[in-house]
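S.K.: In this note's numbering, the protein residues as written are 1 to 332. In this text, a Cβ means the ideal position worked out from N, Cα and C, and glycines have one as well. What you are looking at is a predicted structure, and each value in this text was computed from that prediction instead of being measured.
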């Protein structure tokens, strides 16, 4: 009997992940569809790094930035506008991975029946958007392209969850937001313009992962292994599409984690670009210092946000806020 107990407990120890002694990480993720969300559901990051990870869900990038600022998390996913704002304010964080580039599943949606046919009909209407988000940035840019001042529109700053409620209660006429809420309101709405098109008009956006700079320096091995796991997950999505069909287990995991529908999750992934690891360390994204396209995009975003009163200061350069080194080491 004693031998059976010994074998039983040995089996239990074998099955339990071998967490690094006392090592842990707190990571925040946005309620948005990415391949890495399925990896979270599968526990792949715990398995690869050996860390105990506390996962925290947030509705907006501004919430993620605040959690980093108050030391509630060590790493978080965030869009380029809130990142540009945070760096402008001197937050001690660094961008180390691009989750996605522009998406066609983030757009300005107007309610059917509001008689909003073209952009000029937005004047005087109620438009909801998450504050200092990619959607906020693109809403302001879209209005400027349509020669509509922000003061000509009644802008409501709302989280995606609040937008869904406001839409259902008919408290707003339009909203600029991402999935899963985007497709939920689209059932009774129509798209005026997408973030994908606005990016091509000269204001590119991206979502990325940022880390507390000091925490990352202490946990260097974790950072490299974490990036390798991210890259492997994105590669699986790009090269193994049979495992990411509309009715696949991976898509179901996204829905289980974030809500929405399988079609919405599937469509979001298909309409978004996920840079390869080797591309991450190119000038197109993280590498190149002050000349990296990501740094230049952050500079342009910050200037735009300042001009519209979202922030009140800009940095001379945003290069210190972009770190390609973890991806470089992961590539070796």
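#1: For residue 326 and residue 99, what's the separation of their Cα atoms in angstroms?
#2: So, at 6 Å on beta carbons, what are the nonlocal neighbours of residue 160 in its own chain, with the 5 sequence-adjacent residues on each side left out?
#3: Give every residue of the same chain whose Cβ lies closer than 8 Å to the Cβ of residue 37, excluding the five residues on either side of it in the sequence, and list them in chain order.
#4: Tell me whether residue 70 is buried or exposed, calling it buried when 16 or more other Cβ atoms sit within 10 Å of its Cβ.
#5: Would residue 102 pass as a contact of residue 192 if the rule is Cβ separation under 8 Å?
#6: For the beta strand (DSSP E) that residue 37 lies in, which residues bound it at each end?
#7: Which same chain residues end up closer than 7 Å to residue 122 when comparing Cβ atoms and leaving out the 5 residues on each side of it in sequence?
#8: Straight-line CA distance for residue 127 to residue 155?
#9: If you pair each beta-carbon of the segment 312 to 322 with each one of the segment 76 to 91, do three or more pairs fall below 8 Å?
#10: Tell me which same chain residues have a C-beta within less than 7 Å of the C-beta of residue 189, skipping the five on either side of it?
#11: Nearest to residue 119 by CA position, among 146, 241, 216 and 66, is which residue?
#12: Determine the direct distance from the alpha carbon of residue 247 to that of residue 220, and round the result to whole angstroms.
#13: DSSP beta-bridge partners for residue 108?
#14: Quick one: what does DSSP say residue 100 is sitting in, helix, strand or coil?
#15: From this set, 322, 297, 238 and 312, which residue's C-alpha is nearest residue 334's C-alpha?
#16: Excluding the 5 residues preceding and the 5 following residue 201 in the sequence, name in chain order all residues of the same chain whose CB lies nearer than 6 Å to its CB.
#17: Where does residue 218 land, buried or exposed, given buried means 16+ other C-beta within 10 angstroms?
#18: Confirm, please, whether the CB-CB distance from residue 322 to residue 301 is below 8 Å.
#19: Would you report the Cα separation of residue 74 and residue 170, rounded to the nearest angstrom?
#20: Measure the alpha-carbon distance for residue 314 versus residue 93 and round it to whole angstroms.
#21: Does the distance from the CB of residue 267 to the CB of residue 105 come in under 8 Å?
#22: In its own chain, which residues sit with a C-beta less than 7 Å from the C-beta of residue 310, not counting the 5 before and 5 after it?
#23: Using a Cβ-Cβ distance under 8 Å, would residue 70 count as near chain B?
#24: Counting only the same chain and skipping the five closest in sequence on each side, list residues whose C-beta sits under 7 Å from that of residue 230.
#25: Relative to the C-alpha of residue 179, which residue among 172, 168 and 164 is closest?
#26: If we ignore side chains and look at the alpha-carbon of each, how far apart do residue 7 and residue 239 end up?
#27: What number of angstroms, rounded off, separates the C-alpha of residue 265 from the C-alpha of residue 150?
M.R.: Once the coordinates are examined:
#1: 14 Å
#2: 59, 177 and 181
#3: 29, 253, 254, 257 and 258
#4: exposed
#5: no
#6: That residue, residue 37, is in no beta strand (DSSP E); its alpha helix (DSSP H) goes 35 to 42.
#7: 116, 148, 153 and 174
#8: 5 Å
#9: yes
#10: 109, 110, 111 and 112
#11: 146
#12: 37 Å
#13: 176 and 193
#14: strand
#15: The requested residue 334 does not occur in the structure, where the chain is confined to residues 1 to 332.
#16: none
#17: exposed
#18: no
#19: 38 Å
#20: 16 Å
#21: yes
#22: 85 and 132
#23: Among the chains of the structure shown, chain B does not appear; only one protein chain is present.
#24: 36 and 97
#25: 164
#26: With a pLDDT of only 43 at residue 7, under 50, the local geometry of the prediction cannot be trusted, and no value is derived from it.
#27: 31 Å
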